[in-house]
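Engineer: My questions will all concern the structure given below.
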Ligand SMILES: Cc1cc2nc3c(=O)[nH]c(=O)nc-3n(C[C@H](O)[C@H](O)[C@H](O)COP(=O)(O)OP(=O)(O)OC[C@H]3O[C@@H](n4cnc5c(N)ncnc54)[C@H](O)[C@@H]3O)c2cc1C
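In this note's numbering, the protein residues as written are 215 to 745.
Listed below in structure tokens is the structure:
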């Protein structure tokens, strides 16, 4: 370690440099030891920088003394990316980091530039007042920050029609691991060493047919795993700065600290309708997804019968998710929605899908809002099943090409039966992205082994379908051990090169995104102690 050994020395030194807070009390360290993942890592100190200058000071201090930095937003991540052993730098939920710096609109498009600490729903509220919205609408809007959303390449149910957040990222401002401030819209601020190395890497990627082939083949898949190398494919269509901004989408705080984001927004669509389709068989529901997903619908969510039943146990279930059947929640928007509703009904009839009961269509805004509220509350309900019953985020964000979704689901059901684990299956089926929440009784022994074996089996199935371990929640610590298997050696090594370009000394978020570890390293103590 450094000349400044000892927690007290580090905290005092940092506090003498900064206007913001440097915290190392018990309560803070315990709070920042957790996020929404299965992991627990206690930091040395938590810094809440007052502004960008403050942030640069912390980062320069860390670079000089050889400390690791872990960027943290709202701490809502499910993959453990916001946990670190040394200095966690978290953006406070007030003041400087909540500012909207500019908003510009031009009929069908608008752009907003906001500080990275702004909560997602505060940004949406600002846009809504102007008649716009960010279509990448995460369900964690009340607890996640816009910088964290970009860093995880987040998206929401409407990704089927509108795509993930990277589609809306125009530019970012970030602090490099060496402490320089870069704004991708100002070419002069990008260090020449970064530009040169990215250019060399980009030429290599574009001229390597095997790397390029994999990227071209997977670019339509909804994935937030690994670095966003797709940005290199578009290099010639935009500026180097734009490409750089795109590369940060999904970077999980391993390349630099995002301080500001410029995002495109779209006019808020007032005309919406939501249809509920009921199936006795989950794979049949998945086949129906594949039949209707290309009709221009905005979202298709799947909710398994078991998920609805678990919500019923908590007495939140209502007669919409009735717990007897598996449900597809299909959303339509825009002028064509009534034509689309008829097209969906017709295709399902013509192709002979077996439905358990008549579809229900909601057109009233309050009814639609109630349905989405119910859908978005699934995870909070699952997080609250009881003191020993835990719906663990172990394999919670997998994805496959929707054409394989039905077969994939059958394989998953067999795996969960083999492991004798009840599992909530729900998520963004229209994009092939499923949230799987196996429920473990943590009072029973052998938990670490059970977690590892289950993850190996589920991810094994994901790889058989050439799918992804992270549809939208980013790689974090959870999926880092499986990244090489997903992308293959060549692309994995390319990702390592990206890391070296920005952070040659490995100071930013070690163990996140690229890691040789195991999925059960750093488990929460209550899971670790369950042998
Ligand atoms: C109830 C619930 C619902 C959810 N629903 C969705 C959903 O619909 N869609 C979805 O995509 N995800 C969802 N998530 C997962 C999570 O909310 C997202 O991954 C979110 O984008 C994380 O943002 P955050 O600000 O909380 O980031 P954190 O959890 O604090 O950090 C996540 C990662 O981003 C990095 N990071 C954070 N801020 C910065 C920054 N300023 N600069 C650089 N790196 C940074 C961290 O180092 C870490 O690696 C959900 C989670 C929960 C608990």
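Virtual Cβ for every residue (Gly too), placed ideally from N, Cα, C.
Pick helix, strand or coil for residue 383, following the three-state DSSP scheme.
Structural biologist: Here residue 383 sits in strand by DSSP.
Engineer: Is residue 686 near ligand 1, going by C-beta to nearest heavy atom under 7 angstroms?
Structural biologist: Result yes, Cβ under 7 angstroms from ligand 1.
Engineer: Taking 8 angstroms as the cut-off, decide whether the C-beta atoms of residue 497 and residue 561 are in contact.
Structural biologist: Not closer than 8 angstroms, so no.
Engineer: Grouping DSSP H, G and I as helix and E and B as strand, with all else coil, what is residue 735?
Structural biologist: In this structure, residue 735 counts as coil in the three-state DSSP scheme.
Engineer: Within a Cβ cutoff of 6 angstroms, which residues of the same chain sit near residue 574, ignoring the five residues on either side of it in sequence?
Structural biologist: Around residue 574: 490.
Engineer: Roughly how many angstroms separate the alpha carbons of residue 309 and residue 234, rounded to a whole number?
Structural biologist: Cα-Cα distance, rounded: 11 angstroms.
Engineer: Output needed for residue 656: all residues of its chain with C-beta closer than 7 angstroms, excluding positions within five of it in sequence on either side, in chain order.
Structural biologist: Excluding positions up to five away in sequence, the list reads 602, 604, 740, 741 and 744.
Engineer: Please work out which residues of its chain come closer than 8 angstroms, Cβ to Cβ, to residue 632, disregarding the five sequence neighbours upstream and downstream, and give them in chain order.
Structural biologist: The answer, listed in chain order, is 671.
Engineer: Compute the Euclidean distance between the alpha carbons of residue 539 and residue 443, then round it to the nearest angstrom.
Structural biologist: Using only the alpha carbons, I get a separation of about 40 angstroms.
Engineer: On a Cα-Cα basis, can you pick out the residue from 503, 228, 483 and 485 that is closest to residue 492?
Structural biologist: Ranking the options by Cα distance to residue 492, first place goes to 503.
Engineer: Which residues does DSSP list as the beta-bridge partners of residue 272?
Structural biologist: DSSP output for residue 272 lists no bridge partner at all.
Engineer: Would you say the beta carbon of residue 363 is closer than 7 angstroms to some non-hydrogen atom of ligand 1?
Structural biologist: Answer for residue 363: yes, Cβ within range of ligand 1.
Engineer: Helix, strand or coil for residue 334 per DSSP?
Structural biologist: Correct three-state label for residue 334: helix.
Engineer: Which runs of the alpha helix (DSSP H) fall wholly inside the region 280-367 and span at least 4 residues, in chain order?
Structural biologist: Taking only runs of at least 4 residues, the alpha helix (DSSP H) segments lying wholly in the region 280-367 are 334-343 and 360-366.
Engineer: Whose C-alpha, out of 549, 582, 463 and 648, is nearest the C-alpha of residue 476?
Structural biologist: If we check each option's Cα against that of residue 476, 463 comes out closest.
Engineer: So if DSSP puts residue 649 in a beta bridge, which residue, or which two residues, is it bridged to?
Structural biologist: Paired residues: 640.
Engineer: Quick test of your reading: residue 249 and residue 289, contact by CB under 8 angstroms. State the CB separation rounded to the nearest angstrom.
Structural biologist: Correct: roughly 5 angstroms between the Cβ atoms.
Engineer: With hydrogens ignored, establish whether the beta-carbon of residue 249 is closer than 7 angstroms to any heavy atom of ligand 1.
Structural biologist: Yes.
Engineer: Take residue 542 as the anchor and find which of 519, 549, 227 and 554 has the nearest alpha-carbon.
Structural biologist: Of 519, 549, 227 and 554, the residue nearest in Cα terms is 519.
Engineer: With residue 392 and residue 293 assumed to form a contact (beta carbons below 8 angstroms), what rounded beta-carbon distance in angstroms separates them?
Structural biologist: Their Cβ separation, rounded to whole angstroms, is 26 angstroms, which puts residue 392 and residue 293 out of contact at 8 angstroms.
Engineer: Taking the runs of the alpha helix (DSSP H) that are 4 residues or longer, which of them lie wholly in the region 560-613?
Structural biologist: Counting only runs of 4 or more, we get 579-590 and 592-596.
Engineer: What are the boundary residues of the beta strand (DSSP E) that residue 489 is part of?
Structural biologist: 486-493 is the extent of the beta strand (DSSP E) around residue 489.
Engineer: Any idea what DSSP makes of residue 622, helix, strand or coil?
Structural biologist: Residue state, collapsed to three classes: helix.
Engineer: Given 8 angstroms as the limit, is there contact between the region 268-275 and the region 383-402, that is, 3 or more CB pairs closer than that?
Structural biologist: In short, these stretches touch, since the Cβ pair count reaches three.
Engineer: If residue 266 sits next to residue 473, beta carbons under 8 angstroms apart, how far is it from one beta carbon to the other, in whole angstroms?
Structural biologist: Indeed, because the Cβ distance is near 5 angstroms, the residues count as touching under 8 angstroms.
Engineer: First and last residue of the alpha helix (DSSP H) that includes residue 656?
Structural biologist: Taken as a continuous stretch (DSSP letters only), residue 656 belongs to no alpha helix (DSSP H), as it is neither H nor E.
Engineer: When the Cα atoms are used, what is the spatial distance from residue 710 to residue 469?
Structural biologist: Computed Cα separation, rounded: 11 angstroms.
Engineer: Residue range of the beta strand (DSSP E) that residue 437 falls in?
Structural biologist: That residue, residue 437, is in no beta strand (DSSP E); it is neither H nor E in DSSP.
Engineer: List the residues that DSSP assigns as beta-bridge partners of residue 471.
Structural biologist: According to DSSP, residue 471 bridges with 389.
Engineer: At a threshold of 7 angstroms, does residue 309 count as lining ligand 1 (C-beta to nearest heavy atom)?
Structural biologist: No, since every heavy atom of ligand 1 falls outside the 7 angstroms radius drawn around the Cβ of residue 309.
Engineer: Take residue 313 and list the residues in its own chain whose beta-carbon comes closer than 8 angstroms to its own, dropping the five residues that flank it on each side.
Structural biologist: So the qualifying residues of the chain are 328, 329 and 332.
Engineer: Taking 8 angstroms as the threshold, find out whether the region 658-673 comes into contact with the region 404-414 through three or more Cβ pairs.
Structural biologist: Segments in contact, no.
Engineer: Contact between the region 714-721 and the region 426-445: three or more CB pairs below 8 angstroms?
Structural biologist: No, the region 714-721 is not in contact with the region 426-445.
Engineer: Tell me whether residue 366, by its Cβ, gets closer than 7 angstroms to a heavy atom of ligand 1.
Structural biologist: Residue 366 Cβ: within cutoff of ligand 1.
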